[in-house]
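Okay, structure first, notes after.
Chains as they are written, first to last, in the numbering used here: chain A, 2 to 216; chain B, 2 to 216.
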């Protein structure tokens, strides 16, 4: 084997290196200001190779979005899968989410803080990402496994709870940037405190009523 | 008075008409595809007049953002101001929010579903909008008036609850587009059910603990 062949990196590995570099640059500069040149340099490849493998700046961005969505969805599944009972499963899912955001701040910026309006293809991919996350969280919220007590809840109640949870967790990633010292475990605990009891009530069809103190 | 003078519309009124037209066009076409020509036509004025009054497409967009933020903040204040007790105040604020989004769907699209990355000035204005809303909600969450029972809660607990609430309500506006028949009152009731009890626990410093069912 020659030196040249020994240094050849297989395409899938190279692509992951390019995506790693791209996430860093997109997160730092934003989509418009990011240059394929800087991404290529950071990945240690030529600019033509980036275009050959990932087609365009838009193609690069889509590849970043897809890979990071897969990672987040995998993290949610891996965490919640082996856990029995909706309460512990939700806790495991939230913890996985906040741990992901803490450990992949750049990915999170690329995934969610970039403009959905950049291009129709990116908007479509972002919508797909959002649906994938909603589907995972929806699975956490519904009483899905045999070990769970309680009847399965109506779909629209579960959807309501899911949208509220996804939005709360998403917004809390902004709170996290203001409180970088806060560990994911404590954020999870607080959010569980805030939503768990009420979620069960909504899913069970119980209704809060306005107290008779209104003037 | 001549016919010409009688038809003259004062500048502040004209500006509001232009902003009304702009919100419709931005919501329908998105920022990039929106044309000042279409906005001028819809407002019944000339294109040069739009530029004279609001400077540029970016200036138009900023004017839309500012006016709609003021309207939303005013709606939150007007609803919650005269209500005593944190529970009823929160309910009034949430109801005002969901009513605003139901009645001003176009404004909402302009306010929050457009890209923060459009320009640095727009990004700054969107950040200011978000802070204004967070400040209002934070006021709802804290025990702020003399009639309220209970001690004032620590700032960071209140901030946590505020970010979670703002995110949940924001995300539920997506749920609303899937359920256009759902009245704001019912959405408010469901969200109160989901968060009220838990919020009080978090604000009072009570802590949820993992049940002893973990494998």
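We put the beta carbon where it would ideally sit given N, CA and C, even for glycine.
Of the listed residues the options, nearest to residue i (C-alpha basis)
i	options	result
residue 143 of chain A	A:173, A:187, A:125 and A:200	A:200
residue 120 of chain A	A:29, A:41 and A:58	A:58
residue 65 of chain B	B:160, B:185, B:159 and B:130	B:130
residue 48 of chain B	B:23, B:122 and B:163	B:23
residue 16 of chain B	B:53, B:27, B:39 and B:32	B:53
residue 41 of chain A	A:32, A:33 and A:26	A:26
residue 29 of chain A	A:181, A:96 and A:107	A:107
residue 217 of chain B	B:140, B:181 and B:10	Because chain B here runs from 2 to 216, residue 217 of chain B falls outside it and cannot be looked at.
residue 193 of chain A	A:91, A:133, A:158 and A:136	A:91
residue 33 of chain A	A:14, A:61 and A:88	A:61
residue 182 of chain A	B:180, B:168 and B:157	B:157
residue 179 of chain B	A:164, A:134, A:46 and A:178	A:164
residue 21 of chain A	A:205, A:133 and A:105	A:105
Interface flag, residue i vs chain A, CB-CB below 8 Å
i	result
residue 200 of chain B	yes
residue 171 of chain B	yes
residue 133 of chain B	no
residue 50 of chain B	no
residue 109 of chain B	no
residue 21 of chain B	no
residue 56 of chain B	no
residue 146 of chain B	Low per-residue confidence applies at residue 146 of chain B: pLDDT is 44, beneath 50, and the placement is therefore not dependable enough to give any value.
Under 8 Å between C-beta atoms of residue i and residue j
i	j	result
residue 173 of chain B	residue 188 of chain B	yes
residue 99 of chain B	residue 73 of chain B	no
residue 94 of chain B	residue 79 of chain B	no
residue 19 of chain B	residue 44 of chain B	yes
residue 161 of chain A	residue 109 of chain B	no
residue 1 of chain A	residue 191 of chain A	The requested residue 1 of chain A is not part of the displayed model; chain A covers only 2 to 216.
residue 1 of chain A	residue 203 of chain B	Chain A is shown from 2 up to 216; residue 1 of chain A falls before or after that span and cannot be answered.
residue 185 of chain A	residue 103 of chain A	yes
residue 63 of chain A	residue 124 of chain A	no
residue 39 of chain A	residue 197 of chain A	no
residue 168 of chain A	residue 169 of chain B	yes
residue 76 of chain A	residue 97 of chain A	yes
residue 37 of chain B	residue 51 of chain B	yes
Residue i (DSSP reduced to helix, strand or coil)
i	result
residue 45 of chain A	coil
residue 9 of chain A	coil
residue 183 of chain B	coil
residue 120 of chain A	coil
residue 1 of chain A	This structure gives no information on residue 1 of chain A, because the portion of chain A shown stretches from 2 to 216.
residue 160 of chain B	helix
residue 107 of chain A	helix
residue 205 of chain A	coil
residue 82 of chain A	coil
residue 143 of chain A	coil
Closer than 8 Å to chain B by CB, residue i
i	result
residue 94 of chain A	no
residue 97 of chain A	no
residue 216 of chain A	Confidence at residue 216 of chain A is low in this model, with a pLDDT of 35, below 50, so its placement is unreliable and the value that follows should be read with caution. Closer than 8 Å: yes.
residue 161 of chain A	yes
residue 122 of chain A	no
residue 150 of chain A	Here the model assigns residue 150 of chain A a pLDDT of 44, short of 50, so the residue's position is not dependable, and the following value carries that caveat. Output row for residue 150 of chain A: interface = no.
residue 205 of chain A	no
residue 168 of chain A	yes
residue 192 of chain A	yes
residue 196 of chain A	yes
residue 165 of chain A	yes
ask   = Whole alpha helix (DSSP H) runs in the stretch 29-77 of chain A with 4 or more residues, listed along the chain?
value = DSSP assignment within the stretch 29-77 of chain A yields the following whole alpha helix (DSSP H) runs of 4 residues or more, N-terminal first: 37-44 and 48-55.
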